[in-house]
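Engineer: Sharing a structure, written as structure tokens. Questions coming.
In UniProt numbering, the protein residues as written are 1 to 975.
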């Protein structure tokens, strides 16, 4: 196994393909090359002749497929038929899944190309373009001459080496019988062919480069190389020539197989396997240049070879009665035969078997299902080889949302849905189509790498966030055609659950599971879990941290006592503090108490009761040194409890994240001594009342690694929000009054020494124990807030309405009182005194508002996640004048291919400004599929750029997701 080999396409990373930003290829002058040795003059004419036939390929892999993820890469191809517009490149460039690709010629002309062929086994494939689209250069082709390859032949490679558009590398063919390179145990690997070897130091981007001789004839195609050596590997062109003869006529290329992987072994090894000296002499006499024989290395289960009893180690002596010692004649016979006769040597025994061949194309997936973001297709021949299993099973190439939230991984095969076996993709489609949205069903599966370890998961069917579709490949058109899958119209009625409780004092601690289909708002993860606390059992209200339920764009479920799981909806997401409020339907839950908890001696007569376990607020606020009791849940949903002591109460400070996301500004938190492992909980007084919530906070390290920390949060202001919600009929208030300030703390010594804090102020703040000898300083003001126009970063906050601002809570209380006492329709105002430029200044600042709902609309255009800027974005202190913000994009999308930037505002498309999402949706709805558009953007650093992008509504249709304020449900509009 050669784990140091690699295919040679140039991948594009998450920030875009830097190689594509390099110098575009021009004429041959100044083109980088690997040196022409002493034959530069001999090759100069050939290079000048064939260079116009070499093209730079940019390929978008728009769906995960056959073990490969979505993405974008750069590679090389070359024209082999100028009349038909055929471009030859590698199979791993064309890929077996859906792609969008273009080719750039020497004249810098860019044309769209379509994938019309990929060999099922060997590393070559064919794109096609329209030659009429090339206006400013002559379209030339490179002749294929595989017969010219010989050891010692000097060659040149022309290609997009390292993304340089056109590089010329030299080499000398050293071997014509190298084993096919092995790229990895889960990757595509060629077999049943020799490769050529040369030291030409190729690198990423040179996949598909022509290997030419001094006459400009291609003798091979570049495919791979060593990562830590100069060795490069070229695929011979013999079978390519045959394939092109069919493609030129518009016919299917016949490809057949025994599903046996042969390996060329030297005669010395063949002798050890049972070959006799007499047979060796006979074969050497017939083939004087023969150095070995073909030996069965792997027999794929379920294939003709396996059914005929072929075993690894069998030596292939004859094919249809004729001696054979190399791959080329073997493949030539197999491709044109429906059955063959093999003579094998197994130890001391000679066997003759007759086998039927099977169509290789039928073993390559040509269809797939898109189900809740998952890509599911038949297990390919390549994956069958890699994992020694039969091809055709239901294979998960990408888990998507529905399967992912149930922890069903990719690279697995689905064996059954419910009580029905699913041996193939057609059966799976029929079975899964019966289940409506929100229904639950079990899925039996096994990972292909551990297929004897069969697992069962319960999944909740999702038809809300994604359209379910079937895709079928059409090679003639070079695309995939979609049809929507039918959906059952009747959703299941919610089931009532009975839970068994042994400790009703802790039953109000529940496990909250949150699954996010689209990572808007800068959210770093799509699957979260944490402890929630029931604060009102009658109304089904649960509070939970925002690191578990970050926004309303999600599916939430609650597990009670580890035995019953109920769906919940998100009522409120606090814009500034680290909690959300979710609600379950209390009518779906009833309780049976165990004997250890019951006061009754007659358990058989006790009827189930409504679930009433809830936690009340303690009147005692925690301070450093206080004793308290922690109660929470472990990762396994068991209750954990521990006595502990408060070690510190301090202001929580996090650095800015990239991308911007919620990190709970202005938060006072509680630290306790070391606790047992947990996923959150509460800190309780002696009467089991909540003094603080023990919650998870998300942040980033200085190296931008995602981290979390568990700390305590005072419970009083959380209960205030809960009570306000209940008073409003369990409907979230529309907005939260705020000054819109992100505050940090500054030591009094620093404020006194260099910022002008007066001695009177020093005494005022230093005498307050809760100030911790610190003052509050403005880090940033929320863009579009009134504070943004008045207050500045670095202002030291002294008073609000003549009340000293000692703590974050004091600021919050001052804002609350001003808003509550305001009887006019205009926003309430507060008098804010700050220390600025060494002197105190007072400003009248109207209050602003923030939504309790957060992001309530998401538009997917060209693979971009486009939304209104969420609060952390505006806390960066920049207002571009538009409410259209790109928070993320999908790999393999047009946004990825054309290097659009996330965390940018979109100012307009073409000549149309797009200040709102409605404007954006209106503009993009008028664009045509395949149309190039100009997108004007501005970054958070106020850098303006214009990007061009080609619309791809076929694979990336515009999706508009909108939350209904009345029902809290999201609806999807696609088109």
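Ideal placement from N, C-alpha and C gives every residue a C-beta, glycine not left out. Quantities reported herein were computed from a predicted structural model and do not represent experimental measurements.
1) So, does the segment 872-883 touch the segment 766-782, judging by three or more C-beta pairs under 8 Å?
2) Around the C-beta of residue 886, are 16 or more other C-beta atoms found within 10 angstroms, so that it is buried, or is it exposed?
3) Could you compute how far the alpha carbon of residue 433 sits from the alpha carbon of residue 485?
4) Helix or strand or just coil, what does DSSP make of residue 789?
5) Can you tell me where the alpha helix (DSSP H) with residue 759 in it begins and where it stops?
6) For the beta strand (DSSP E) containing residue 176, list its first residue and its last residue.
7) Of the choices 392, 194 and 52, whose alpha-carbon is the least far from that of residue 77?
8) Tell me whether the beta-carbon of residue 409 lies closer than 8 Å to the beta-carbon of residue 465.
9) By how many angstroms is the C-alpha of residue 157 removed from the C-alpha of residue 653?
10) Once the 5 residues before and after residue 290 are set aside, which same chain residues still bring their CB inside 7 Å of it?
11) Out of 809, 803 and 837, which one is the CA nearest neighbour of residue 756?
12) Would you call the segment 523-531 and the segment 475-495 in contact, with 3 or more CB pairs under 8 Å?
13) Under 8 Å, do residue 365 and residue 424 count as touching if we go by C-beta distance?
14) Can you tell me the Cα-Cα spacing of residue 751 and residue 775, whole angstroms?
15) Reducing DSSP to helix, strand and coil, say where residue 137 ends up.
16) According to DSSP, is residue 749 helix, strand or coil?
17) Let me know the secondary structure DSSP gives residue 804 once reduced to three states.
18) List the endpoints of the continuous beta strand (DSSP E) containing residue 905.
19) Considering only DSSP beta bridges, list what residue 894 is partnered with.
20) Within a Cβ cutoff of 8 Å, which residues of the same chain sit near residue 31, ignoring the five residues on either side of it in sequence?
21) Just checking, does the segment 855-865 make contact with the segment 722-738 on the three C-beta pairs under 8 Å criterion?
22) Quick one, are the C-beta atoms of residue 513 and residue 355 less than 8 Å apart?
23) Return the residue from the list 61, 66, 109 and 140 that minimises the CA-CA distance to residue 976.
24) Quick one: what's got a C-beta closer than 8 Å to residue 453's C-beta in the same chain, skipping five residues either side?
25) Measure the Cβ-Cβ separation of residue 900 and residue 935 and say whether it is below 8 Å.
26) Within the same chain, show all residues whose beta-carbon is closer than 6 Å to that of residue 35, passing over the 5 residues directly before and after it, in chain order.
27) Quickly, what does DSSP pair residue 928 with across the bridge? List them, please.
28) Under 8 Å: do the segment 840-856 and the segment 548-555 share three or more Cβ pairs, one atom per stretch?
29) Per DSSP, what kind of secondary structure is residue 819 in: helix, strand or coil?
30) Using a Cβ distance threshold of 8 Å, determine whether the segment 932-951 contacts the segment 905-914, with at least three qualifying pairs required.
31) Please confirm if the segment 795-813 is in contact with the segment 887-898, defined as three or more CB-CB distances below 8 Å between the two stretches.
32) Assess contact between the segment 254-272 and the segment 331-339, defined as three or more Cβ pairs (one per stretch) separated by less than 8 Å. Is contact present?
33) Going by the beta-carbon positions, is the gap between residue 56 and residue 101 smaller than 8 Å?
34) When DSSP labels each residue in this structure, what does residue 853 get in the three-state scheme?
35) Report the rounded CA-to-CA distance for residue 713 versus residue 90, giving the unit in angstroms.
36) Which of helix, strand or coil does DSSP assign to residue 338?
Structural biologist: Here's the rundown:
1) yes
2) buried
3) Straight-line measurement puts the Cα of residue 485 at about 7 Å from the Cα of residue 433.
4) helix
5) 759-766
6) 175-179
7) When each option's Cα is compared against that of residue 77, the closest is 52.
8) No, the Cβ-Cβ distance between residue 409 and residue 465 is not below 8 Å.
9) 56 Å
10) Within the same chain, residue 290 has close Cβ partners 283, 284 and 325.
11) Of the candidates 809, 803 and 837, the one whose C-alpha sits nearest the C-alpha of residue 756 is 837.
12) These segments do not touch.
13) no
14) 8 Å
15) Here residue 137 carries a coil assignment [DSSP, helix/strand/coil].
16) When DSSP states are grouped into helix, strand and coil, residue 749 belongs to the helix group.
17) In the structure shown, residue 804 sits in a strand (DSSP, three-state: E or B).
18) First-last of the beta strand (DSSP E) with residue 905: 904-909.
19) Residue 894 is not bridged to any residue.
20) Any reading at residue 31 must be qualified, since the residue scores a pLDDT of 31, below 50, and its modelled position is unreliable; no value is offered.
21) Fewer than three beta-carbon pairs drawn from the segment 855-865 and the segment 722-738 are found closer than 8 Å, and the two stretches are therefore not classed as touching.
22) no
23) Residue 976 falls outside the range modelled here, since the chain spans only 1 to 975, and no answer is possible.
24) 446 and 447
25) yes
26) For residue 35, the pLDDT reaches just 38, beneath the cut-off of 50, and the residue's location in the model is therefore unreliable, leaving the point undetermined.
27) Bridge partners of residue 928: none, in fact.
28) yes
29) DSSP places residue 819 in helix when its eight states are reduced to three.
30) In the pairwise beta carbon analysis, the segment 932-951 is classified as touching the segment 905-914: at least three pairs are separated by under 8 Å.
31) no
32) yes
33) Contact: no.
34) coil
35) Here the C-alpha atom of residue 713 lies approximately 58 Å from the C-alpha atom of residue 90.
36) coil
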